[in-house]
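Structure first, commentary second.
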Amino acid sequence: MPLAVSLIFPYLFGLGALLALLCGSIREQVGGSGDAVALQRLACCLIFGIGLNHFLVLLLSDLKISLITGCFLSCGAFLFLLLRHPGTVRQLCSAQRLALCAAFYIACLYVVLGEPVSGWDARSIWFLHGKMIFYSGSVDAGKNWLVPSLSFSHLDYPNLVPIIAAQVALLAGYWNEYLPKLSLVALLLPALLLLLSLFWGKWRRLLLIAIPLLFTWPWLKNGYMDGYLALYAGLAAFYLGRWLERFDRLDLVTGLVACVIVLQLKNEGMLYVPIVAAVATFFLLLKRSRRDGRPGAGDTTSLTPAPLPKGEGRQAGPRLQWGEVREGLVLVAFAFSGWGLWERKKHLFKLKNDLNLGLQSLDMVQQRLSDGSLGVILKYLYVVNNVNLSLGILLLSLVWNLRKGNRPGVGALFCMLVGGLYFSGIVAIYLATPHDLISFHLPTGERTMLPVHIILLAASLSLFTALHSPDGRSQRDS
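With positions in the sequence shown counted from 1, the corresponding number in the working numbering is that position plus 2.
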């Protein structure tokens with residue numbers, strides 16, 4: 003059984019290899035060379051595998067049947083890549099990268115498994131849900147979702163991590179307070195690989211990437227989901243912002259799969275993903291309108307990325323063709339199907355969120371705006387929970403770049419808007435919920451503000467990875 007547990011990452015990688023089957027031109031696009039590119043691709047495969055595994059369990063319900071089905075798909079996809087694209091497999095699975103992954107895997111084990119599940123949310127929500135799925139052998143949890151005495155456990159919360167925890171316990175043959183935390187390692191390893199890919203060969207950026215880990219460190223090992231939500235929210239914002247600058251499809255894929263994790267990890271994902279989609283649409287429309295306004299811009303059916311300096315980055319094709327759009331839509335539809343399946347199960351089990359948001363919340367918003375609660379919320383979140391610290395880092399980075407004659411690029415502006423809108427959304431939720439602010443909501447501000455911290459830090463990183471001079475020419479800090 004320990005051997006079976008150790009195969010969880012090859013299993014997820016094999017499932018992630020199905021990405022090449024769904025998006026043929028993306029498979030060709032990601033055929034580039036370079037260690038940073040390979041690490042990014044490897045992380046994408048693992049993240050996509052996590053999403054596909056979640057989809058299979060929700061679709062088939064039975065834990066054993068879904069795991070067996072996933073094993074067949076994983077082996078089949080890996081063999082397909084090995085036979086049809088052996089060079090890709092050799093690049094991703096080279097001895098150097100396997101050794102690097104093994105070292106990071108051991109480090110993740112040390113971080114995550116160093117203490118048992120102990121926090122209230124960890125024991126009474128996330129890993130309780132995993133225990134229910136494990137002992138019932140099904141994601142339907144033997145209809146325990148309908149038991150009124152378990153309403154304290156927020157049964158409507160997404161089950162991405164509880165499902166992996168139940169699968170780990172199934173492979174091991176037992177449940178305890180340590181082993182199911184391997185589900186957190188499954189999330190932490192690809193996030194670390196993505197962070198590593200950002201400063202590979204550019205070690206001066208190490209500080210900018212180490213800061214997010216310092217912010218989230220306590221929340222990566224205590225069994226809460228907030229640290230992982232923050233990491234993936236920041237990574238999604240960074241890579242989607244970089245895609246808007248370079249139109250590199252690998253960055254688009256990375257941003258989308260990271261958004262899938264955010265959406266299926268916590269309910270806050272239902273706030274984050276619409277914000278990201280709206281801001282990305284805004285920048286795409288803005289870029290198109292500016293291009294259409296230039297003399298001689300006759301072709302309005304494609305998006306043209308700004309040129310990159312010679313030898314820097316990975317230049318995508320000059321235009322976004324319909325085939326790429328179609329494959330992107332297929333990827334989005336598939337990736338978000340797991341969320342749709344869980345929403346359907348919530349409807350069948352009549353699971354509702356305790357925040358009770360809706361039109362009826364307008365009266366509560368009006369009342370709290372009139373009694374001064376908004377000032378209390380802003381002070382608590384901005385000062386007590388140190389949003390001013392991450393905002394200060396961003397402002398210092400911005401001033402430094404402006405003094406150097408560099409203006410912020412699209413990626414940094416994208417992250418700034420996403421972070422600001424997400425912060426505003428959390429404030430609006432605090433205003434709208436019926437629960438007491440002082441005793442219920444504000445004490446959780448330390449962790450609900452983690453995504454804001456990391457997104458603002460992603461904006462700071464974007465300022466240093468894609469600098470733009472006043473005349474619009476892209477530069478690099480390498």
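Heads up, the beta-carbon is just placed ideally off N, CA and C, and yes, glycines get one too.
Is it buried or exposed for residue i, if we count other Cβ within 10 angstroms and need 16 for buried?
i, result
"I52", "buried"
"K145", "exposed"
"L17", "buried"
"A124", "buried"
"F2", "The chain is shown only over 3 to 480; residue 2 falls outside these bounds and no answer can be derived."
"V32", "Note that V32 scores a pLDDT of 45, beneath 50, so its modelled location is shaky and nothing firm can be said."
"F15", "buried"
"A238", "buried"
"F74", "exposed"
"P453", "buried"
"N224", "buried"
"T457", "Checking the sequence shown, residue 457 turns out to be Ile, not Thr. Burial call: buried."
"A460", "buried"
"S480", "Legend: pLDDT at S480 = 40, less than 50; position of this residue unreliable, no value from coordinates given."
"S372", "exposed"
"Y160", "It should be noted that the sequence gives Pro, not Tyr, for residue 160. So P160 counts as buried."
"W128", "buried"
"F442", "exposed"
"N387", "buried"
"R92", "exposed"
"Y424", "buried"
"N408", "buried"
"H470", "Note on H470: pLDDT 43, under 50, position unreliable in the model; the coordinate value appears next. Burial call: buried."
"K406", "exposed"
At the 8 Å Cβ level, is residue i part of the contact set with chain C, yes or no?
i, result
"S462", "Among the chains of the structure shown, chain C does not appear; only one protein chain is present."
Quick check on the DSSP output: the alpha helix (DSSP H) that includes residue i runs from which residue to which?
i, result
"L196", "L184 to F201"
"L81", "L65 to R86"
"G144", "That residue, G144, is in no alpha helix (DSSP H); it is neither H nor E in DSSP."
"Q369", "S363 to S372"
"T481", "This structure cannot speak to residue 481, because the chain is shown only from 3 to 480."
"F338", "Counting along the chain, F338 falls outside any alpha helix (DSSP H), and DSSP gives it neither H nor E."
"V163", "L162 to A174"
"A109", "A97 to V114"
"D356", "Counting along the chain, D356 falls outside any alpha helix (DSSP H), and DSSP gives it neither H nor E."
"G229", "D228 to R248"
"V264", "R251 to L267"
"P12", "I10 to G18"
Going by CA-CA distance only, name the one from the options that's closest to residue i.
i, options, result
"K133", "K381, V170 and K354", "V170"
"A79", "A109, Y13, A143 and L100", "Y13"
"E247", "G411, I277, L81 and S68", "G411"
"L102", "L194, P160, L54 and Y180", "L194"
"L181", "W147, V119 and S199", "V119"
"S185", "L196, P164, L286 and L198", "P164"
"A109", "L191, L252 and S399", "L191"
"L273", "R449, G413, G421 and S372", "G421"
"L433", "I166, G377 and N403", "G377"
"L343", "C261, L233, L359 and L265", "L265"
"S392", "S153, I213, K381 and I127", "I213"
"R244", "D64, S462, Y226 and N403", "S462"
"L100", "L54, A40, F154 and W122", "A40"
Sort out for me which residues DSSP pairs residue i with in a bridge.
i, result
"S140", "D64"
Compute the minimum distance between the beta carbon of residue i and the heavy atoms of the ligand SAM, and state whether it is under 7 Å.
i, result
"V39", "As far as ligands go, the structure on display features none, and thus does not contain the ligand SAM."
Legend entry - Unbroken stretches of the alpha helix (DSSP H), 4 residues or longer, contained in the segment 368-404: 375-381
Legend entry - Runs of alpha helix (DSSP H) wholly within the segment 410-449 (minimum 4 residues, chain order): 412-434
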